[in-house]
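Chains as they are written, first to last, in the working numbering: chain P, 22 to 534; chain B, 96 to 633; chain D, 124 to 520.
Glycine included, every Cβ here is placed at the ideal spot set by N, Cα and C.
Bear in mind the structure is a predicted one, so any value in this text is a computation, not a measurement.
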Amino acid sequence: MTDRYDAIVIGAGHNGLVCAALLAKGGKKVLVLEANEQVGGAAVTREFADGYSVSACAHLLYQLQPKVRKELGLSPKLASDAMQTIALSQDGEHVRYAGADVRGVGGADVTSYRRFHTQMSRFADLLNTYLNTTPPRLGTSEFKDLATLARLGFDLRRLGREDMRTFLRLIGINIHDEVTERFESPLLRGAVSFDAVLGTHLGPRSPNTIMTYLYRLAASHGRLAVPQGGMGTIAEELAQAARTAGVTIRTTMPVKRIVVENGRVAGVETATGERFHSATVVSNADPKRTIMELVGTRHVETGFTRRISHIRMRGNAAKLHLALDGLPAISGLAKAEFGERLVIAPDEHYVERAFNPAKYGESSAEPVIEMTLPSFRDPSLAPTGKHVLSCVVQYAPYALEGGWTDAAKEAFTKTCIETIVRYAPGLESRITASELLTPADIEREFHITGGHWHHGELALDQFMFVRPVCGAAQYRMPLDGLYLCGAGAHPGGGVSGAAGRNAARRILREQAA
Amino acid sequence: MKTYDAVVVGAGHNGLTTAAFLAKAGLDVVCVEKNDYIGGAAVSRKLHEDWIYSNCSYVCSLLRPEIFRALELHRHGLQVTPFGGSLTFMENGDYYGSYHDPEVAYRERARFSRRDADAYERYRSDTMRQCRIIRDFLLSTPPDPTSFRPKDLLGLMQIGRKFLEVGEDRIYETIRFWTMSVAEYLDEYFETDVIKAAMSGSGIIGTALGIHSPGTAYVLLHHYMGDVDGNVGSWGFARGGMGAVSGAIAGAFQSYGGELRTEAGVDKIIVRNGNARGVGLENGDEILANIVVSAMDVKRTFLNCMDRSDVDEDFYTRVENFKIRGSSGKLNIALDGLPTFPALPEGNSLHISDMHFIDSMERMERAYDDWKAGTWSKDPYIDMVIPTTVDPTMAPPGKHFMSCFIQYCPHKLEGRDWTDPEREAFARTVIDQIANYSPDFKKLILHYEVRTPADIEEQIGITEGNIFHGELTMDQLLFNRPVPGYAQYRAPVAGLYMCGSSTHPGGGVMAAPGANAAREILADLKRPNTVPENFGDD
Amino acid sequence: MSAREVPQGRLRTPFYSRLAELDTLNAWHTWKGYTVPDALYCADTEYFAIRNSTAVFDLTPMTKYRITGPDALVYIDRLVTRDMSKIRPGRVAYAVWCNDQGQTIDDGTIFHLREGEYRLCSQERHCAWLMDSAIGLDVSITDETADVAALAVQGPTSFATLSRMGIDGLGELKPFGLMHVDFDGFELMVSRTGFTGDLGYELWTAPENAVSLWDYLFAAGEITGIRAMGTDALEQARIEAGYIMAYIDFLPANATMRTGRTRSPLELGLDWLVDFKKPNFNGRRALAEEKRSGSTWRLVKLDIEGNKPAHHAYIFADRKGRKNIGFVTSATWSPVCKQNIALGTVRMPLGAPGSELWVEIFYQREMHWSRVMARAEVVDKPFWFPKRRGLTPPDLV
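Pasting the structure below:
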């Protein structure tokens, strides 16, 4: 049969592409099926207004894993690299930080931040090792699992007594306490708190937010970059690498279901009824979508279904795209600094207050906002002299009370613009077009349940051994031939490629055995 | 001048427990207390005529039976009576009751959701499984994971074994349980808002966390691991009020020859050449002793009663960073009679129960938002009990004593001290919420006492008035409590020990920290151990 | 307001008034919140009614769920371990269901009432598990425990009694068959099922018909000595039949705290109910693994020497009692077999049928306790399996 593959990957998100490319390099005949016209999933660049393009979802590259980069020979062209974060102040007295350096704060904070960053980076390195490994199973007598656990114990001890004690204390703690204990500058406190809660359903006071902060530092210690041409070019480059390795990628091929025969995976069927056969199906879709919709609960067991249905994955992050007919004016910001990452999170309480309504299905009255002007360094994204403002806005809960109607979207867009205008007076008159992608829109466009960028909350109870659910953390689902390679699996979201890589390695090893 | 074998600072139930076990081992022990009464937060106080107020802690279920038995507390007047079910009044006029009888409890849950009624079985066994893991460690010293001493390695292995023996699938459940929020934990079992709201209270009592804060599922356990006569999770009243608990332990202490001194507030712990040598009292007297045991919380011990130079800098900073937050208040009320609650049918057994007046998860969480904003909850979670319904000794015949525990109430209001009108307004908030469900309640009030965390701090001495002497979050539990590396009751000063609720296993009238500390001290002194092992639970 | 108050005491089944009339002992206990008799006259008399004439047991408190919808078969087939596609409408299947770990949640009977419509009947309540099992399937589950009154009519003259009562076509009803009849103007379902291991039927109807059904039944049965019975007699009969009970011979997996206390169907001697040919069902993966690597426990039926019932006894591999290998879960003296019988759980690989084990029995005689080490033989078949149980049509005596 011509349409038989060694493996079929559902979804050409960045993890799907990484996984497919590595499987092909491992000698497998691989097919990737993508529902949308473009590859990349949520890592995609697209036009939102005439002549204006933007990375539709993720817009900053935090942590593309060096190992992925190396194994696939990637060398993404970056429009900006090692960007600064500028925590905006209405009076123009901004705080700027990158790496271990912070400016615009008192001397004590400079030292404190350096110490904080150094310590956090050390812990992030430890974490990063395990982001690039399949989590061990616990309570088994398998040598491999025990060896990984022993290494984890050893690595912890190698931190040294003091650091180990600190680590054990920090892992479950909240960012609020850390920033208030360490820093005096409200802006610095606010921005660091925001870094910790970005993309989560947590506020700075929620325990676990040190963990989410560490997660952000993993791979590159928080070094930020914007790819030339937007996130879509990363996806294109990955797709190219995959094709070179022999992968067939077919777009506009939404998969309707995963075909199960005699209790195991036999292939996939597309929305148009086309069937592709393979004994191995790797899903880059989120775990809920994979199990509840593509496989169907009848083919898995009740306990597993229940766990899948309990995965918390209701997004809170919206994307706001503004087409501007010129650069906005922000007091105290040098022109060259429009290429940096701008943050509206004036203090830790502000961030917490922004979070409160999200618990009750309401959007923030004063949202926290992360802004970039990708067109500033990359003119290809907007007509000459014009600009694109790309904002990640929190909190815009997926399950908004009353739903994300046009009126609700309009009102929230207005709230966001008003918030930005406080820092960039006159911005409103420069807006020629706008687009708001709420989690509901992200769900619809990118087929991610709940519009959650990470395919599931990043919290300790959904992390590592228990991601996506208990007993299925090793990429293999309890249905023979089915694997997960997306952000819903360990280690989670962000354009890192770690999940795709770990999954590919797991599959190759299992099938070699 | 006399040198005692040991001086224990603070005659709360933990201080007294340590003192009692040391005295039982033959040591010459003095226990000093700043107030003119003993008990710390386990007290019975006559604050209005013949009414006895358990004006701080108000139920007795965590008290370890091993300790009860080893100190023969019944001989010193302690008697614990189990208390029935619990009740949540709903805004729509309905109520949700948690009945003592399992079948009636089932029917009641089924009235809201049959699914929830059945799900309770799985909830119960899953939760009690977690409880069983922790209960065995209550009466033991946590091992130090950074140490290579055989004792610590053995301890770690024991924890590891306990953790692993439940089987692969359940290990993952345990990891999740320890890290998730009580709201999410309950969501995995139940669908009915009021049932979840009623159960979630145990996840936040005494903490500065909301029901949606990760880590609160564990706090749930902290309220489930108690038992009265083997009925795990059930609550009881000490006959005569909570002072009966400290009174009985003090009685045991004195029967072993111990000496109690009240109105002897400690100003300084005396450290000479790196050794704790005794205490300096506020009146200028000194009491010398070979060892000093502090039952005060760690902040008060090290930040208020010692010099910074007495302990190493790193430890000092960690104590400064120790989280101990006032989040709960109390309102103690003398009543002219029993208030009626018309929503509840006459004769229903839940008239004698633990009552609550907040019926949704959203209201629970919004109560926390107020605290975060620096004020008391305008729609608070109240845990209301009337001990006189089962204890005839606490009020004149026909009269009653009501204890309201209120979550949340901050130590300071938006950063400044409480004023009297604000304390009054706080009391009104509570009284009004109860009066919504009890029309005759207000006119039955003869006297009430308001206790904000600031009052608790002022009167009992606990920093910020935190009832647990420190938050019960992962970073401050087990070998992290109070400070990583110092969880074995020894302070980083020779001869100085900690025995209060800031140490493992934490707060509640459990007496386990006091007992564990005594065991460590006796081991250091090479004295025979008088502290019991836990009963063990097969 | 008080309409909200749930009943605070024990519930009464629709047959309570009739049971109370017959009751001479005033010995009642609670079963799932209902008040039910231990015995009404004398447990022995009631037991012999099961084996000799007709005994009637009120099984209304049994938990009953109605399962309907387009995916009903898919649902049930995934829920239980046996192949339900073979159970046609009008048939009843004894089944067992497991969690993902292959541990038994409960056993029960599933009635295929009509095409695509099932009733699941079990001792324990499973609403939460059944609803969770419905996630993603087009099926609806209703608890109809209180909506259906049920009687077990068991014993050699049960067929004659029911025929005399006027139920037509009963003669063609095979074991594990069910039929719907219009009886005296109300709907009645009759199934040839039971928990006694004898010839017998179960009658199912709406609660409002309960008393009238009872009266017809007792009128028809009078001449052959029909008796109402309590749970004591039933307990004796079900052990003779080798039937297991939740909370006695196994624990429902979802309500068990301790590790290693649950049992898989393979460990309960129910391997005949586990159909590995089915591609998916709850517990399949775990059970396949258990089948490959071996079970930990085995349920044994024991024929024990002597006449002292072996309640709660330890089981040993050797007479000296050096090697403890398990314990007895149910025990009774069997009056019809004149055997001292028991069900027990022992560690594999011991306890194969035909093997000899030792049971340590403690018994009391006039205050003093004694202990005896009794030889026990592991038997394969139920202790009691009369030919009449399988005959269609049954004999009219």
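Applying the 10 Å Cβ sphere with the 16-neighbour rule, what's the burial state of residue i?
{"i": "T625 (chain B)", "result": "buried"}
{"i": "Y370 (chain D)", "result": "exposed"}
{"i": "N378 (chain B)", "result": "exposed"}
{"i": "Y280 (chain B)", "result": "buried"}
{"i": "C151 (chain B)", "result": "buried"}
{"i": "V366 (chain B)", "result": "buried"}
{"i": "T139 (chain P)", "result": "exposed"}
For a contact defined as C-beta to C-beta under 7 angstroms, what are the partners of residue i on chain C?
{"i": "N405 (chain D)", "result": "This model lacks chain C altogether, as its protein chains are P, B and D."}
If we ignore side chains and look at the alpha-carbon of each, how far apart do residue i and residue j end up?
{"i": "L343 (chain P)", "j": "T236 (chain B)", "result": "59 angstroms"}
{"i": "D231 (chain B)", "j": "A607 (chain B)", "result": "12 angstroms"}
{"i": "R488 (chain D)", "j": "G259 (chain D)", "result": "60 angstroms"}
{"i": "Q111 (chain P)", "j": "S352 (chain P)", "result": "8 angstroms"}
{"i": "P579 (chain B)", "j": "L251 (chain B)", "result": "15 angstroms"}
{"i": "P225 (chain P)", "j": "S206 (chain P)", "result": "16 angstroms"}
{"i": "V364 (chain P)", "j": "M392 (chain P)", "result": "6 angstroms"}
{"i": "Q131 (chain D)", "j": "I254 (chain B)", "result": "43 angstroms"}
{"i": "G213 (chain D)", "j": "R189 (chain D)", "result": "15 angstroms"}
{"i": "Y437 (chain D)", "j": "E163 (chain P)", "result": "35 angstroms"}
{"i": "R127 (chain D)", "j": "G382 (chain P)", "result": "31 angstroms"}
{"i": "L231 (chain P)", "j": "S214 (chain P)", "result": "Inspection of the sequence shows that residue 231 (chain P) is occupied by Ile rather than by Leu. So the alpha carbons of these two residues sit roughly 9 angstroms apart."}
{"i": "I228 (chain D)", "j": "N377 (chain D)", "result": "6 angstroms"}
{"i": "V127 (chain B)", "j": "I447 (chain B)", "result": "38 angstroms"}
{"i": "A303 (chain B)", "j": "S423 (chain B)", "result": "8 angstroms"}
{"i": "W252 (chain D)", "j": "C221 (chain D)", "result": "10 angstroms"}
Starting from residue i, trace the beta strand (DSSP E) both ways and give me its first and last residue.
{"i": "K141 (chain B)", "result": "140-143"}
{"i": "K340 (chain P)", "result": "339-345"}
{"i": "A366 (chain P)", "result": "No beta strand (DSSP E) holds A366 (chain P); DSSP gives it neither H nor E."}
{"i": "Y543 (chain B)", "result": "540-546"}
{"i": "P177 (chain B)", "result": "175-178"}
{"i": "F485 (chain D)", "result": "479-488"}
Is the beta carbon of residue i sitting closer than 8 angstroms to the one on residue j?
{"i": "L163 (chain D)", "j": "L182 (chain D)", "result": "no"}
{"i": "I448 (chain D)", "j": "A499 (chain D)", "result": "no"}
{"i": "G317 (chain D)", "j": "E325 (chain D)", "result": "yes"}
{"i": "A459 (chain B)", "j": "G335 (chain B)", "result": "Looking at the sequence provided, one finds Met at residue 459 (chain B) rather than Ala. Their beta carbons are not under 8 angstroms apart, which means M459 (chain B) does not touch G335 (chain B) by this criterion."}
{"i": "I528 (chain P)", "j": "Y504 (chain P)", "result": "yes"}
{"i": "G601 (chain B)", "j": "R576 (chain B)", "result": "yes"}
{"i": "F282 (chain D)", "j": "P517 (chain D)", "result": "yes"}
{"i": "E628 (chain B)", "j": "L234 (chain B)", "result": "yes"}
Would you mind reading off the limits of the alpha helix (DSSP H) that contains residue i?
{"i": "L43 (chain P)", "result": "35-46"}
{"i": "R407 (chain D)", "result": "407-416"}
{"i": "H152 (chain D)", "result": "It is not in any alpha helix (DSSP H) - H152 (chain D) instead sits in the beta strand (DSSP E) that spans 150-154."}
{"i": "A217 (chain P)", "result": "207-218"}
{"i": "A613 (chain B)", "result": "607-619"}
What I want to know is whether the C-beta of residue i ends up closer than 7 angstroms to one or more non-hydrogen atoms of the ligand GTP.
{"i": "L393 (chain D)", "result": "This structure lacks the ligand GTP, and indeed carries no ligand of any kind."}
Output needed in chain order: residues of the region 467-483 of chain P with a Cβ under 7 angstroms from some Cβ in chain B. Taking 7 angstroms as the Cβ-Cβ cut-off against chain B, the residues of the region 467-483 of chain P that qualify are A480, L481, D482.
Report task. Could you run through the region 359-391 of chain D and flag, in chain order, every residue whose CB is less than 9 angstroms away from some CB of chain B? Result -> Taking 9 angstroms as the Cβ-Cβ cut-off against chain B, the residues of the region 359-391 of chain D that qualify are P375, N377, A378, T379, M380, R381, T382, G383.
Taking a cut of 8 angstroms between CB atoms, which residues from the region 247-280 of chain D lie near chain P?
-> Within the region 247-280 of chain D, the residues whose Cβ lies closer than 8 angstroms to some Cβ of chain P are W252, D255, S256, I258, G259, L260, listed in chain order.
Taking only beta carbons into account, state which residues of the region 194-210 of chain D come closer than 7 angstroms to chain P, listed in chain order.
-> Correct list: V197, R201.
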